[in-house]
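Here the sequence shown is numbered in full-length UniProt numbering, starting from 1 and rising by one per residue.
From the three backbone atoms N, C-alpha and C, an ideal C-beta is built for every residue, glycine too.
All figures in this text were calculated on a predicted structure; none of them were measured in a lab.
Have a look at the structure below before the remarks.
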Amino acid sequence: MSRRLKIILAIVVFVALSAVGYTQRTRVMDTWRETERPSVPAVSFKDIKNDPPAQMPEPEPIISQPSAEPTPTPPNIPTPGNPFPEQNNPPPPSDSPTPSTLPASFNLAVPFTPQAPFANWDEVHEDACEEASIYMAHLFYEGVPAGRVDAQTAEDEILRLVEAEKKMFGTYLDTNAEETARLAKEFYGYKRVDLLVNPTVDDLKHHLVAGRPIVIPVAGQYIGNPYFTAPGPDYHMLLIRGYTKDGFLTNDPGTKRGEGYLYPYDTLMNAIHDWNPPNDILEGRKVVLVMYPK
1 MSRRLKIILA
11 IVVFVALSAV
21 GYTQRTRVMD
31 TWRETERPSV
41 PAVSFKDIKN
51 DPPAQMPEPE
61 PIISQPSAEP
71 TPTPPNIPTP
81 GNPFPEQNNP
91 PPPSDSPTPS
101 TLPASFNLAV
111 PFTPQAPFAN
121 WDEVHEDACE
131 EASIYMAHLF
141 YEGVPAGRVD
151 AQTAEDEILR
161 LVEAEKKMFG
171 TYLDTNAEET
181 ARLAKEFYGY
191 KRVDLLVNPT
201 VDDLKHHLVA
211 GRPIVIPVAG
221 QYIGNPYFTA
231 PGPDYHMLLI
241 RGYTKDGFLT
251 NDPGTKRGEG
261 YLYPYDTLMN
271 AIHDWNPPND
281 ILEGRKVVLV
291 MYPK
């Protein structure tokens, strides 16, 4: 075989292998991520109720910046225009857990659904991350087992939430944290849904260990999810269900591969921003919402 023919054959083989690698890149990525996925036992809401965490006091709602010289303030009373007033951050209880008392890893058994259960990424489903996130939290509190929610069941519920938003807000598009909290209260009947501003990693861990999933708004183009269609959504919402030493475990409804998806701590904390048009998403406040069980 001539040297020229060998070169041609080598090029053909290289091109063929490259083509196979490109067409199978998603499968290869899935396989790699499955091998890298942390194995953390999932804790159900029933487990939490039957065996509550020891010495894990209820985290308090917090505000972004306590005043330098505290002054007496009137109580925060919900009003029609402000149904979720932020609350002052009281001194932590003396027995408040320190980072060393938190488990090294934790994982709530939160059921999962993508925001487009049938992969129908039309305008409605492209904006259904908020609905899917609070729906997953609700299913957890209802005792639904972890795993993929039946597609038709999830589709029907997401569309009901969309219709509820239309009646409440006049639109279902890009509801911010406060509107999403109101939706959780009025649609599902939750009495308490806290908005936490400028939370720390440990603040979020405390809620998780206490058995409360966390719904967070993020700048979607800054979380680096390879399964999003580039460049990703400006605004996105997802659910934090646990954590490991490497980051937060999430149920990200923005992809069918979002169940138990791991985001590094810095990536997710830096991306937390609420929707605040017409301003840039990165100017949105750092706020998360926590639904308390009924």
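Closest residue to residue i among the options (Cα-Cα distance)
i, options, result
"Ser105", "Gly254, Asp246 and Pro278", "Asp246"
"Tyr263", "Pro278, Leu238 and Asp274", "Leu238"
"Tyr188", "Asp150, Lys167 and Glu142", "Glu142"
"Tyr172", "Gly211, Cys129, Lys185 and Val149", "Cys129"
"Ala146", "Arg285, Pro278 and Asp47", "Asp47"
"His207", "Ile223, Ile8, Pro52 and Gln221", "Pro52"
"Glu178", "Ile223, Ala219, Pro117 and Val290", "Val290"
"Asp122", "Val215, Gly254, Thr244 and Glu186", "Gly254"
"Asn120", "Arg148, His138, Ala154 and Ile7", "Ala154"
"Thr244", "Arg285, Gly170 and Ser39", "Ser39"
Pairwise C-alpha distance: residue j and residue i
i, j, result
"Lys256", "Val193", "27 angstroms"
"Phe140", "Arg160", "18 angstroms"
"Asp274", "Asp234", "11 angstroms"
"Val162", "Lys205", "30 angstroms"
"Val28", "Lys167", "Residue placement at Val28 cannot be trusted, given a pLDDT of 47 that sits under 50; the coordinates are not used to answer."
"Asn276", "Pro41", "37 angstroms"
"Arg182", "Asp203", "22 angstroms"
"Glu126", "Glu283", "22 angstroms"
"Asn89", "Val209", "Since pLDDT at Asn89 reaches only 43, below the 50 mark, its modelled position is unreliable, and the value read off the structure follows with that caveat. When rounded, the distance between both Cα atoms is 20 angstroms."
"Asp281", "Arg4", "The question names Asp, yet the displayed sequence has Ile at residue 281. C-alpha separation (whole angstroms): 56 angstroms."
"Ser64", "Pro117", "Any reading at Ser64 is ruled out, since the residue's pLDDT is 41, under 50, leaving its predicted position unreliable."
Buried versus exposed call for residue i [16 or more other C-beta atoms within 10 Å across all chains shown]
i, result
"Thr200", "exposed"
"Thr180", "buried"
"Phe112", "buried"
"Asp156", "exposed"
"Gln115", "buried"
"Ile158", "buried"
"Glu165", "buried"
"Ala184", "buried"
"Pro278", "exposed"
"Ile11", "exposed"
Contact check, residue i vs residue j, beta carbons under 8 angstroms
i, j, result
"Leu196", "Val287", "yes"
"Leu249", "Gly260", "yes"
"Leu102", "Arg241", "no"
"Asn270", "Pro217", "no"
"Met136", "Asn225", "no"
"Lys294", "Tyr222", "no"
"His236", "Gly258", "no"
"Tyr265", "Arg212", "no"
"Val43", "Ser133", "no"
Bridge partners - residue i, DSSP secondary structure assignment
i, result
"Thr250", "Ile240 and Tyr261"
"Pro217", "Met237"
"Val43", "Leu108"
"Arg148", "Phe112"
"Asp194", "Val290"
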